[in-house]
Amino acid sequence: MESVMSQAGEVEAAPRWVFTFGDGRADGSAEDKELLGGKGAHLAEMSRLGLPVPPGFTISTEVCAAYYEHGRKLPEALKPMVDEALAKIAKITGARFGDIDNPLLVSVRSGGRASMPGMMDTVLNLGLNDQTVEGLARLTDDRRFAYDTYRRFIQMYADVVLGIDHGLFEEILENYKNLKGFELDPELGAEDWLEIVARYKALVEKELGEPFPQDLHEQLWGAIAAVFGSWQNARAIAYRRLHDIPDDWGTAVTIQTMVFGNKGNNSATGVVFTRNPSTGTNELFGEFLLNAQGEDVVAGLRTPQPLTEKERAASGNGKESLEALLPEAFATLKAACAELEKRFRDLQDIEFTVQEGKLFMLQTRSGKRSTQAALKIAVDMAREGIITEEEAVLSMNPAQLDQLLHPTLDPNAEMTVLAKGLPASPGAAAGEIVFDADEAVHMKAQGHTVILARIETSPEDVQGMHAAVGIITTRGGMTSHAAVVARGMGRPCVAGAASVHIDLERETLEAGGVTLHKGDVVTIDGSSGKLIKGRVTMRQPELSEDFATLMKWADGFRRLEVRANADTPADARHARDFGAEGIGLCRTEHMFFQEHRIVAMREMILAESQEARRKALAELLPVQRQDFIELFEIMAGQPVTIRLLDPPLHEFLPHGEEAIADVAEAMGVSVALLKRRINVLSEFNPMLGQRGARLLVSYPEIVEMQARAIFEAAIEARKELHARVTPEIMVPLVAVKAELDIVKERITATARAVEKERETSLAYQVGTMVELPRACLMAGEIGQSAEFFSFGTNDLTQTTFGLSRDDAGRFLGEYAEKGIIHHDPFMTLDVAVGELMKIGVERGRAVHPDLKIGVCVEHGGDPETIGFCEKIGLTYVSCSPYRVPVARLAAAQATLKNQR
Ligand code: ADP
Ligand code: MG
Ligand code: MG
Numbered sequence: 075m076e077s078v079m080s081q082a083g084e085v086e087a088a089p090r091w092v093f094t095f096g097d098g099r100a101d102g103s104a105e106d107k108e109l110l111g112g113k114g115a116h117l118a119e120m121s122r123l124g125l126p127v128p129p130g131f132t133i134s135t136e137v138c139a140a141y142y143e144h145g146r147k148l149p150e151a152l153k154p155m156v157d158e159a160l161a162k163i164a165k166i167t168g169a170r171f172g173d174i175d176n177p178l179l180v181s182v183r184s185g186g187r188a189s190m191p192g193m194m195d196t197v198l199n200l201g202l203n204d205q206t207v208e209g210l211a212r213l214t215d216d217r218r219f220a221y222d223t224y225r226r227f228i229q230m231y232a233d234v235v236l237g238i239d240h241g242l243f244e245e246i247l248e249n250y251k252n253l254k255g256f257e258l259d260p261e262l263g264a265e266d267w268l269e270i271v272a273r274y275k276a277l278v279e280k281e282l283g284e285p286f287p288q289d290l291h292e293q294l295w296g297a298i299a300a301v302f303g304s305w306q307n308a309r310a311i312a313y314r315r316l317h318d319i320p321d322d323w324g325t326a327v328t329i330q331t332m333v334f335g336n337k338g339n340n341s342a343t344g345v346v347f348t349r350n351p352s353t354g355t356n357e358l359f360g361e362f363l364l365n366a367q368g369e370d371v372v373a374g375l376r377t378p379q380p381l382t383e384k385e386r387a388a389s390g391n392g393k394e395s396l397e398a399l400l401p402e403a404f405a406t407l408k409a410a411c412a413e414l415e416k417r418f419r420d421l422q423d424i425e426f427t428v429q430e431g432k433l434f435m436l437q438t439r440s441g442k443r444s445t446q447a448a449l450k451i452a453v454d455m456a457r458e459g460i461i462t463e464e465e466a467v468l469s470m471n472p473a474q475l476d477q478l479l480h481p482t483l484d485p486n487a488e489m490t491v492l493a494k495g496l497p498a499s500p501g502a503a504a505g506e507i508v509f510d511a512d513e514a515v516h517m518k519a520q521g522h523t524v525i526l527a528r529i530e531t532s533p534e535d536v537q538g539m540h541a542a543v544g545i546i547t548t549r550g551g552m553t554s555h556a557a558v559v560a561r562g563m564g565r566p567c568v569a570g571a572a573s574v575h576i577d578l579e580r581e582t583l584e585a586g587g588v589t590l591h592k593g594d595v596v597t598i599d600g601s602s603g604k605l606i607k608g609r610v611t612m613r614q615p616e617l618s619e620d621f622a623t624l625m626k627w628a629d630g631f632r633r634l635e636v637r638a639n640a641d642t643p644a645d646a647r648h649a650r651d652f653g654a655e656g657i658g659l660c661r662t663e664h665m666f667f668q669e670h671r672i673v674a675m676r677e678m679i680l681a682e683s684q685e686a687r688r689k690a691l692a693e694l695l696p697v698q699r700q701d702f703i704e705l706f707e708i709m710a711g712q713p714v715t716i717r718l719l720d721p722p723l724h725e726f727l728p729h730g731e732e733a734i735a736d737v738a739e740a741m742g743v744s745v746a747l748l749k750r751r752i753n754v755l756s757e758f759n760p761m762l763g764q765r766g767a768r769l770l771v772s773y774p775e776i777v778e779m780q781a782r783a784i785f786e787a788a789i790e791a792r793k794e795l796h797a798r799v800t801p802e803i804m805v806p807l808v809a810v811k812a813e814l815d816i817v818k819e820r821i822t823a824t825a826r827a828v829e830k831e832r833e834t835s836l837a838y839q840v841g842t843m844v845e846l847p848r849a850c851l852m853a854g855e856i857g858q859s860a861e862f863f864s865f866g867t868n869d870l871t872q873t874t875f876g877l878s879r880d881d882a883g884r885f886l887g888e889y890a891e892k893g894i895i896h897h898d899p900f901m902t903l904d905v906a907v908g909e910l911m912k913i914g915v916e917r918g919r920a921v922h923p924d925l926k927i928g929v930c931v932e933h934g935g936d937p938e939t940i941g942f943c944e945k946i947g948l949t950y951v952s953c954s955p956y957r958v959p960v961a962r963l964a965a966a967q968a969t970l971k972n973q974r
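Using our numbering, the first residue of the sequence shown is number 75, and each one after it goes up by one.
Listed below in structure tokens is the structure:
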């Protein structure tokens, strides 16, 4: 065999590469993860705590780097360090490597900085050859055990180090068992294992062309090199890609005295979680195998037994528990669990072995858990005094919290997945498919539960989306109209399911080789992007007391106010229930899409004179006023920011011959007139056309109507609530201070008129949505006229990038793949947009030191963006009602992190 030692790179001044542990001491500690890997650092820490850890040593991750630097060779200088460490173990255990009377057996284990469970290699029982196996048999007076251990070693070493397929070994064992009529491994005796060992060695010799290595040092160095080598196996590389673990971190190698769970029926090996990782309940959760070694658990040949009596009772499989079988070892384990939780301040996932009744700890790490468990564990641990309330708040992943607020698919349910699209809005929903928004409204009114399936959606579909329990589209990305609106409404949505074919004419949907018709039932899962045939059972969200507790703590820590974007009374109620402290954005245009209102709206748009326009607006005034009264009442004195009409007018007009004909008839005008008007209003680039402030400057009567509706509603609500109502009126898309001044003047004039008519005085504020780069740069000027700013990050992103949100989906995917961009700027705030915001804040506050500044729309609920908003000193963030809890938590974390 070729040497694995490098001849280059000499002995002088080699850094410390080997760190020992055992006997209540350790060179390293939990702080040394970078050098010792998670496993090595935690073994050292457990040893320091005086827990029963088999002694050993860890070769640092620096050696991994050296190994690859020298073309997969280990540095010569490592050798004396390893020898010294082996001598230390001999001192503690009395066993020596290669000693025929008392042979030392070790495991050679992998372990990087970040946990990569099962991705790299491990070799157990190393230190056996034809001589030492006899010594082990004599020493333990157990030949069966010695040869069982030897065959395990040969198979594992051959697989990991020599690259011989382990299936070949399993085949030999299977054939032997069949021949002899054995079913389970424990039925085999000493002579059987001896025979198996002979056959294994023959196999190795045949495959390798030379005998199985008998030199123990060759074995050891072979295993060390192989474990370092496993850092670059395909599995490990793929796992790192998936979890964003850098390739240059490398693994450490831990060499540890073997303890034997396969030494009879008072020996065992198992895994324990210090709390239940799926429910969070504070009780041990785990399983074990009697008379077995670690790899037997993974092999899954035998069904493990429950750890505790309680689990035994619950499982009902009749297998005895460790608690009952080996009570002393169990008691030690239980105490160790409590101690480790305290030390690491988190749920632990622990590997242990019991050798002849005595417990040994082999690994501990933070345990993976469900969101529900994460919440319960955080709150419980804070109450138990293991962690602080701050730590509890910081421990929750805000993005995951989302899962608790929506129904989810029952993980045990069977399902036929027809297609996968983008997970655009979380939650699962089942219903009958419909292909038309009006039909969705209609069917809902008749008591059906519907899923709206569209190629893509537009503002005309909003009512239908609201009527549906879920939405699926075949086109568009994470920020398509469907995705944004669905998230805002809290409706599950799968967007851009490209493999689904929708035929709107025939009202059919084809996916996964199945054709579905209108009325067929499907389930969509907006958390994973799945379209599923039929109805799948679901779990309803339950907002536990723990949830309320954690939110209360979070609210106590956070500085940023959290508001919600809400356009309807229903949205406002959700917002309040989820703990919003006001409405940061009420988009008035959505109020006009409802059936009877759009007629008046269209009359207003089609009017050829100001006179006719005023007449149509007068019809809209009472309905708009009623909307605002309700909003103000629901929000009970909390701030409500109302944005004046923003979209280009043609969005309210019909598209397509048929729709135009229908509308013309309904309105009693000619098709020709309607078309002419549509033509007049049509723009090449409506996103940058006559909208926002530009529209309000040209049609001041719209401003007057909306302002009047707001003021009259405020007076009504004030009477009802016996509380102050201070509306915040927001002018969208301002680029020039004069635009704001002109609109503001109209608002002020309207306020005076209403005050005079009602013989009262009004309190209100006028501010602007800052959503153009020019507005950010001119914030010093604009700030002289604005009483508040609210960043509109969607438009600001579009105009900063010169990128249309509706068309970007087509190439953003490719951009991400090619590494041109790393995040979708519509999902995670872009740095340049952030820079502009910073400038806007600085220049605005320079004229108005306590200018109230918020951010609304999609980004408002993104935890990273919230962290940024905290840093630049915004007053509030505003997001969709369903994301309010996420934002409250993220805001608290941002404040806590900023204080550190
Ligand atoms: P992984 O990182 O894949 O979990 P480990 O290094 O933890 O690999 O080893 C896998 C299993 O091997 C352990 O869970 C344990 O059961 C067993 N094992 C490892 N080292 C020893 C040892 N010194 N004595 C007994 N069993 C061991
Ligand atoms: Mg392990
Ligand atoms: Mg905008």
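Just so it is clear, CB atoms sit at the ideal spot from N, CA and C, and this is done for glycine as well.
>> I want to check one thing, is the minimum distance from the CB of Glu361 to the heavy atoms of ligand 2 below 8 Å?
In response: Within the sequence shown, the letter at position 287 stands for residue 361. Result no, Cβ not under 8 Å from ligand 2.
> Taking only beta-carbon atoms, is Thr482 less than 9 Å away from chain B?
Replying inline: Protein chains in the displayed structure number just one, and chain B is not present.
> What are the boundary residues of the alpha helix (DSSP H) that Leu316 is part of?
Replying inline: The residue you call residue 316 lines up with position 242 of the sequence shown. Per DSSP, the unbroken alpha helix (DSSP H) holding Leu316 starts and ends at Ala308 to His317.
> What residues come near ligand 2, if near means a beta carbon less than 6 Å from any of its heavy atoms?
Replying inline: For ligand 2, the residues with a Cβ under 6 Å from any of its heavy atoms are, in chain order, Glu425 and Gln437.
>> Given this structure, state the Cα-to-Cα distance separating Arg212 from Ile166, to the nearest angstrom.
In response: As a first step, residue 212 is located in the sequence shown; it is residue number 138 there, counting from the start. As a first step, residue 166 is located in the sequence shown; it is residue number 92 there, counting from the start. Looking at the two C-alpha atoms, the distance is approximately 21 Å.
>> Tell me whether Phe942, by its Cβ, gets closer than 8 Å to a heavy atom of ligand 1.
In response: Residue 942 sits at position 868 when you count from the first residue of the sequence shown. Taking non-hydrogen atoms of ligand 1 into account, the C-beta of Phe942 is found less than 8 Å away from none of them.
>> In whole angstroms, give me the CA-to-CA distance for Gly941 and Ile679.
In response: Counted from its first residue, the sequence shown places residue 941 at position 867. Counted from its first residue, the sequence shown places residue 679 at position 605. Their Cα atoms are separated by approximately 42 Å.
>> Give me the residue from Leu691, Leu496, Ile546 and Glu534 with the minimum Cα distance to Val508.
In response: The residue you call residue 508 lines up with position 434 of the sequence shown. Ranked by Cα distance from Val508, the options Leu691, Leu496, Ile546 and Glu534 are led by Ile546.
>> I'd like the ranges of any alpha helix (DSSP H) spanning at least 4 consecutive residues and lying wholly in the region 624–691.
In response: Counting whole runs of 4 or more residues, the region 624–691 contains the alpha helix (DSSP H) stretches 643–651 and 669–680.
> Comparing the CB of Lys107 with every heavy atom of ligand 1, is any distance shorter than 8 Å?
Replying inline: Residue numbering aside, residue 107 sits at position 33 when the sequence shown is read from its first letter. Using a cutoff of 8 Å, the CB of Lys107 does not count as near ligand 1, since none of the ligand's heavy atoms is closer than that.
> What separation, rounded to the nearest whole angstrom, lies between the Cα atoms of Ser184 and Phe900?
Replying inline: In the sequence shown, the residue the question calls residue 184 occupies position 110. In the sequence shown, the residue the question calls residue 900 occupies position 826. Cα atoms of Ser184 and Phe900: separation of roughly 40 Å, rounded to the nearest angstrom.
> If you draw a straight line from the C-alpha of Glu861 to the C-alpha of Gln839, how long is it?
Replying inline: Along the sequence shown, one-based indexing puts residue 861 at 787. Along the sequence shown, one-based indexing puts residue 839 at 765. Between the alpha carbons of Glu861 and Gln839 lies a gap of roughly 6 Å.
> Using a threshold of 8 Å, is the CB atom of Met852 nearer than that to any non-hydrogen atom of ligand 1?
Replying inline: Mapped onto the sequence shown, residue 852 falls at position 778. At a cut-off of 8 Å, the beta-carbon of Met852 does not count as near ligand 1: no heavy atom of the ligand is closer than that.
> What three-state label does DSSP hand Lys442 in the structure shown?
Replying inline: Working through the sequence shown from its first residue, we reach residue 442 at position 368. The answer is coil: DSSP assigns Lys442 none of H, G, I, E or B.
> If you follow the alpha helix (DSSP H) that Asn199 is part of, which residue opens it and which one closes it?
Replying inline: Residue 199 sits at position 125 when you count from the first residue of the sequence shown. Not the alpha helix (DSSP H): Asn199 falls in the beta strand (DSSP E), residues Val197 to Leu200.
>> For ligand 1, is there any heavy atom lying closer than 8 Å to the beta carbon of Glu888?
In response: Working through the sequence shown from its first residue, we reach residue 888 at position 814. Checking the 8 Å criterion, the Cβ of Glu888 is out of range of every heavy atom belonging to ligand 1.
> Nearest-angstrom Cα distance between Arg178 and Gln973?
Replying inline: The residue given as residue 178 occupies position 104 in the sequence shown. The residue given as residue 973 occupies position 899 in the sequence shown. Arg is not the amino acid found at residue 178; the sequence shown has Leu there. Straight-line Cα distance between these residues: approximately 52 Å.
> What residue range is occupied by the uninterrupted alpha helix (DSSP H) comprising Gln293?
Replying inline: Your numbering for residue 293 matches position 219 in the sequence shown. Leu290 to Gly303 is the extent of the alpha helix (DSSP H) around Gln293.
> Assuming Gly501 contacts Pro401 under a Cβ cut-off of 8 Å, what Cβ separation, rounded to an integer in Å, is found between them?
Replying inline: Taking the first residue of the sequence shown as position 1, residue 501 is located at position 427. Taking the first residue of the sequence shown as position 1, residue 401 is located at position 327. Contact doesn't hold; Cβ gap of about 46 Å is too wide.
>> Let's see if you can read the secondary structure: which residues bound the beta strand (DSSP E) around Tyr141?
In response: For the purposes of this step, residue 141 is identified with residue 67 of the sequence shown, where counting begins at 1. Counting along the chain, Tyr141 falls outside any beta strand (DSSP E), though it belongs to the alpha helix (DSSP H) covering Thr135 to Glu143.
> What are the boundary residues of the beta strand (DSSP E) that Met539 is part of?
Replying inline: Taking the sequence shown and counting its residues from 1, one reaches residue 539 at position 465. Looking at the DSSP string, Met539 is not in any beta strand (DSSP E); the run it does join, the alpha helix (DSSP H), is Val536 to Ala541.
> Is Gly96 near ligand 1, judged by its Cβ being under 8 Å from some heavy atom?
Replying inline: Numbered from its first residue, the sequence shown carries residue 96 at position 22. The beta carbon of Gly96 sits no closer than 8 Å to any heavy atom of ligand 1.
>> Please classify Asn365 as buried or exposed, where buried requires at least 16 other C-beta atoms within 10 Å of its C-beta.
In response: The residue you call residue 365 lines up with position 291 of the sequence shown. With 16 or more other Cβ atoms within 10 Å, it is buried.
> Taking 8 Å as the cut-off, is the CB of Leu963 close to at least one heavy atom of ligand 1?
Replying inline: The sequence position of residue 963 within the sequence shown is 889, counting from 1. No, the Cβ of Leu963 stays beyond 8 Å of every heavy atom of ligand 1.
> If you drop the 5 nearest sequence neighbours on each side, which residues of the same chain put their C-beta closer than 6 Å to that of Val907?
Replying inline: Here residue 907 refers to the residue found at position 833 when the sequence shown is read from its first residue. The answer, listed in chain order, is Leu870, Thr871 and Thr874.
> Who are the Cβ neighbours of Arg225 in its own chain at under 7 Å, not counting the five residues just before and after it?
Replying inline: Counted from its first residue, the sequence shown places residue 225 at position 151. If we look at Arg225 and ignore the five residues flanking it on each side, its Cβ neighbours are Trp267, Ile270, Val271 and Tyr274.
> In this structure, does DSSP put Ala837 in helix, strand or coil?
Replying inline: Locating residue 837 in the sequence shown gives position 763, where the first residue counts as 1. Ala837: coil per DSSP, three-state reduction.
>> Below 8 Å, is the gap between the Cβ of Pro994 and the nearest heavy atom of ligand 1?
In response: Outside the displayed range of the chain (75 to 974) lies residue 994, so it cannot be described from this structure.
> In this structure, what does DSSP give as the bridge partners for Glu361?
Replying inline: On the sequence shown, position 287 is the one that residue 361 refers to. Paired residue(s): Val345 and Pro380.
>> So, at 6 Å on beta carbons, what are the nonlocal neighbours of Pro472 in its own chain, with the 5 sequence-adjacent residues on each side left out?
In response: Counting from 1 along the sequence shown, the entry for residue 472 is found at position 398. Contacts found: Pro937, Val960, Leu963 and Ala964.
> DSSP state of Arg820, grouped into three classes?
Replying inline: In the sequence shown, the residue the question calls residue 820 occupies position 746. Arg820: helix per DSSP, three-state reduction.
> Is Thr113 near ligand 1, with its Cβ less than 8 Å from a heavy atom?
Replying inline: On the sequence shown, position 39 is the one that residue 113 refers to. In the sequence on display, residue 113 carries Lys and not Thr. Yes, the Cβ of Lys113 comes within 8 Å of a heavy atom of ligand 1.
> Going by beta carbon distance, what residues of the same chain come within less than 6 Å of Gly114, once the five residues before and after it are set aside?
Replying inline: The residue given as residue 114 occupies position 40 in the sequence shown. If we look at Gly114 and ignore the five residues flanking it on each side, its Cβ neighbours are Thr132, Gly185, Ala326 and Thr328.
> Just curious, the beta strand (DSSP E) that Val327 is in, first and last residue?
Replying inline: As a working mapping, residue 327 is identified with position 253 in the sequence shown. Val327 -> beta strand (DSSP E) spans Thr325 to Thr331.
>> Let's test the definition: count the other Cβ atoms within 10 Å of the Cβ of Phe171 and tell me whether it reaches 16, buried, or not, exposed.
In response: Translated into the one-based positions of the sequence shown, residue 171 becomes position 97. Buried.
> Counting pairs of beta carbons, one from the region 634–648 and one from the region 847–856, are three or more of them closer than 8 Å?
Replying inline: The answer is no - the region 847–856 does not touch the region 634–648, with fewer than three Cβ pairs under 8 Å.
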